[in-house]
Structure formats: structure tokens, C-alpha cells
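In the UniProt record's numbering, the protein residues as written are 1 to 502.
The structure is reproduced here in C-alpha cells:
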């Protein structure tokens, strides 16, 4: 599998695309005026404690107060007789929020979820700072290893190295990231030193900063992309800004050295793209972005997906479409569902859809077919950086799954609700609006005195009234004893109208 990372930089927007085998898999966007705050650490103040919700609102300097639940508040770890923290403490009951926080209290918090829609940011006091190979846990003493590193020997080696580097009493805890697999002790030691300096800076900032100040800000999008997305199997990172390219090469040279003389460092894979054709156009990324904003996703077989994102969940419906198959109905359905499982995994990652996701595969009677479709979905999700959990087919034949959501979906980053339908996706027909106007005319005449009436509405509605409903208008004028005039205004949307008494 060939994988490339494309970085497109403009003065107010930066976009990073992950392309695998020529197909866009992920898109990350950062705009100067709306940069995400996930990972940032703030010195905040408790604004309001809500015992009924076991939570509190904390002022951290954003437009809306942020949300902190009792489960996300760091508490003291059990300590054994030998002075070490228990690596697997027995979960203690969560204390009441009123025992943990009080209104007006200063508190150091980290954002774990950006403000989404009408909801404020989600916070935690369980601080973590990531580097290339490790995640620092300043308030913990546990050393853990990513579950994605499956080789037991490698897990033991990495845990032993990091534990040895963190020998001093009272040293913080660490999580060993997937990227650390195969890395030498020197690379891990550099990360430990870097994280130590970063945390010391945060502690100084906390002492000196005012409430509502950001005391630690995560790296910019291009830097995060190199840190989190760039693996040894990435062939190239193409950057269309020479200045950004040089910064990324310097960053990679410092934090991602070569494993040995025979291997090139990751910095050498970062190259400046100076072609006349935009880099996203060259790889077809712009066209893929347009398609990722549509509800329907065509499948190569002739089937298609229909993806609907709502406030509560995302639903994916699988249809055979024009795919007729060659054997029988069950085989046709099975082949369509297998293709759909791979397409769903890619679309979730590309559109950055999170939360609860319901997939309505086409009904299959064969239990083995259902197992294979589920296995294909899980395998296709394996390269997804976001945490996913997939459940078995429900009695109704639906697959329920969750995908961790930390930022807005692609659609909500790039689009806004339709100004005409308000995001419903549907408009009242001209006929419906016509009858609403007739009812409003009757209501207005009964309430107020007027010699005549003027109705202002959209051209389509007025055209329908004066054409198809002209006889109804005459009858209404005779019944009310009033003259009614209709005026078309292009500024009016289809559902808008005004009845003016003259």
C-alpha cells in the first residue's frame, strides 16, 4: 500500500490530505479564525457547579463556558506500601461533584472535544501532552503501551525502556504510542526530554497566567500531521508552501531521526511541490471533497450508500441499485454488502463522522455472510486513527457502531444549514404555501379593518396563485368583500410571505 500526505497552505487556511493507493482517505482542515482547541491546556475558573448532572461549567476564555464531568476530574491514585502507584487500581466510586469542585475555584483543564454546534468544549483535568512516540501523563505514574502494538516481545521492550527512563521517584506516567514500534532507546529518550521541558513550561505558565489564559497550545495542523500521521510506510509528504516545507523538515529532523545508517530519516520524505497545477487537483482531492459532501455514495458494482448525519446519530443505508449479480439474490446481496463495508469505513474516516453510527446493510439470511461482512468492516476500520467499536448485527439486521468524535464533521466544517429550508432538507411546496396565504388572509380580515389587501410572496408562489388558483382568489374576494392584490418579490424565499392591510 502506497501512502502519501499532501499539505496545501494558503494565508487563511491549511488543508492536509492522506492519500492511500491514489484515493483520498482523510482530510484535515484548519482555518486561521477557527482553529480547533483540542489538546490545549487552560487555566480556568469554575463558573457553575451542577450537582444534578455531576458536572460543572468552567470559564476558559472561549465564547461559551466549557463542560467538565466528575468522571473527567483527576483523583489521587492508590499507592502501595512500597510507594509505587498501582498500575491497575480498583475503580473507586466517583465522588459528588460538590466534593470535587466549588464555584470560583481556579482549575487547570485540557480540552478533549471542540465546541460542536450549540455545545461548549468538553474538558478534563487528566492532563496529557503528546510527542512523536509518547504521551506524557503528568498526574500519573503508570507506563502503558498502545494496544495496536500486538507483538508481546516489542511491548515488553518498549515498556521496559520507558520505565527505565522514568525511574526517578515521583516521575510522571507515559503511554507508548503506536509510532514507537521498532524505535531505539535514543529516540524515546529524546521524547522524554522534550516532554519534560514542555511540562515544566506549562507549570510556569500556570503560576503566572491569568484565569482564562491558554497555558499550552498544541502544534499547528502541518506539524500535527507530521507528528501523528507520518509513519515509516508513508512514501512522500508534498507541501505546496516552501516556508512550511522547511519548517516541517526541521521538525522531522529533530524529532524523527533515522533508525540507522542504512535508513533515510523521515525529513527526507518531505518535499516541496512547486508544480503549476495545484497539488490537490493533481491527486483529484478537490473532486473527492465535493463528493464527500453528497448524501449518495456510488459503489463500483452499481450499488450505492445513502449517508444521513443528524444531531443524534449518523445513518448509512446500503442499496443494490443497478447491481443484478450473476448467481442468485443472496449472492448479489452478499457481494454488495462486502463492497459497502469497505466503502463505509472509508467514508466515516473521510467525512470524519463520529458518535453513534447505524449501518443498514441489505438483509442477509446466511449467518456466515453476516460474519464476513462484519469482519470486512472491522478490517477496513483498522487503519482509522479514531477509536471505533463495532457491535454485531441487531435483531433488525442493523450494525451499530461508535466512532470517537473530537472535532466537527467535514460537512459541518465546510457547510452551513440551507438559508431557505433551515437545514431540514425539505421545502414546503408552492401549493402548501398558497393555502397558508389564503388562511392568513381570512385571519387578518377578521382581526383588523382594511379596505384591501396586498400579498407579497416569492415569484413561484405568486405565479401559482394568479394562474392555477385565480378562481379561488375571486371566490375569496367575494366572501370577504375585500380586494386582494398579489406582488412577486425575488427577495422572498418560497416559504416566506407577508399579508399587508391597506
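Heads up, the beta-carbon is just placed ideally off N, CA and C, and yes, glycines get one too. As the structure is a prediction and not an experimental result, all values here were calculated from the model.
In the DSSP assignment, find the alpha helix (DSSP H) that holds residue 351 and state where it starts and stops. 329-351
Three-state secondary structure assigned by DSSP to residue 207: Secondary structure at residue 207: helix, using DSSP grouped into helix, strand and coil.
Applying the criterion that 16 or more other CB atoms from any shown protein chain within 10 Å of the CB defines a buried residue, is residue 2 buried or exposed? exposed
For residue 419, count neighbouring C-beta atoms within 10 Å of its own C-beta (all shown protein chains included) and say buried if the count is 16 or more, exposed if not. Residue 419 should be labelled exposed.
Determine, using beta-carbon pairs with one atom in the region 295-312 and one in the region 21-36, whether at least three such pairs fall under 8 Å. Contact fails: fewer than three Cβ-Cβ distances are below 8 Å.
At which residues does the beta strand (DSSP E) containing residue 272 begin and terminate? It spans 270-272 - the beta strand (DSSP E) in which residue 272 sits, taken as one unbroken run.
Give me whichever residues DSSP pairs with residue 144 in a beta bridge. 175
The region 130-141 touching the region 166-185, judged by at least three CB pairs closer than 8 Å: yes
Would you tell me roughly how many angstroms separate the C-alpha atoms of residue 582 and residue 64, rounded to the nearest one? Absent from the model: residue 582. The displayed extent of the chain is 1 to 502, so no value can be given.
Could you say if the region 469-487 and the region 404-424 meet the contact criterion of at least three C-beta pairs nearer than 8 Å? no
Name the residue from 451, 441, 461, 453 whose alpha carbon lies nearest to the alpha carbon of residue 433. Selected option, being the one with the closest Cα: 461.
Here's the rule I'm using: 16 or more other beta-carbon atoms within 10 Å means buried, otherwise exposed. How should residue 167 be labelled? exposed
Which partner residues does residue 213 have in the DSSP bridge list? Partner(s): 43.
Within 8 Å, strictly: CB atoms of residue 362 and residue 400: no
Near residue 340, what residues of its chain come up, given a Cβ to Cβ distance below 7 Å and the 5 sequence neighbours on each side ignored? 299, 303, 305, 318, 361
Under the DSSP definition of a beta bridge, which residues are partnered with residue 361? Note: residue 361 sits in no beta bridge, so no partner.
Give the range of the beta strand (DSSP E) segment to which residue 236 is assigned. Unbroken beta strand (DSSP E) run through residue 236: 234-239.
Go to residue 391, then tell me how far its beta strand (DSSP E) extends in each direction, as first and last residue. 388-393
Determine, using beta-carbon pairs with one atom in the region 445-459 and one in the region 490-498, whether at least three such pairs fall under 8 Å. Below 8 Å, enough C-beta pairs join the region 445-459 and the region 490-498 to call them touching: three or more.
Given a cut-off of 8 Å on the beta-carbon distance, is the pair residue 234 and residue 5 in contact? yes
Rounded straight-line distance, which links the Cα of residue 293 to that of residue 42: 34 Å
As a quick exercise: from 266, 243, 245, pick the residue whose alpha carbon is nearest that of residue 254. 266
Measure the CB-CB distance between residue 500 and residue 453 and report whether it falls below 8 Å. yes
Using only CA atoms, which one of 223, 189, 151 lies nearest to residue 163? 189
For residue 105 and residue 202, believed in contact at Cβ under 8 Å, the rounded distance: Incorrect: roughly 19 Å between the Cβ atoms, too far for contact.
Closer than 8 Å is the cut-off here; do at least three beta carbon pairs connect the region 346-354 with the region 17-29? yes
Just to confirm before moving on: does the CB-CB distance between residue 121 and residue 97 stay below 8 Å? no
Where residue 484 and residue 417 are concerned, what is the direct C-alpha to C-alpha distance, given to the nearest angstrom? 35 Å
Within the region 412-461, note down every full beta strand (DSSP E) run reaching 3 residues or more, in order along the chain. 452-457
Taking the straight line between their C-alpha atoms, what separation do you get for residue 56 and residue 124? Taken atom to atom, the span from the alpha-carbon of residue 56 to that of residue 124 is near 11 Å.
Taking only three categories from DSSP, how would you classify residue 72? helix
Have a look at the DSSP bridge pairing and note the partners of residue 16. 7, 28
By the 10 Å Cβ neighbour count, where 16 or more other Cβ atoms means buried, how is residue 469 classified, buried or exposed? buried
Under 8 Å, do residue 237 and residue 270 count as touching if we go by C-beta distance? yes
Please look up how many angstroms separate the CB atoms of residue 364 and residue 337, rounded, as I've assumed it's under 8 Å. 7 Å
Between residue 220 and chain D, is there a C-beta pair that is closer than 8 Å? Included in the structure is just one protein chain, with no chain D present.
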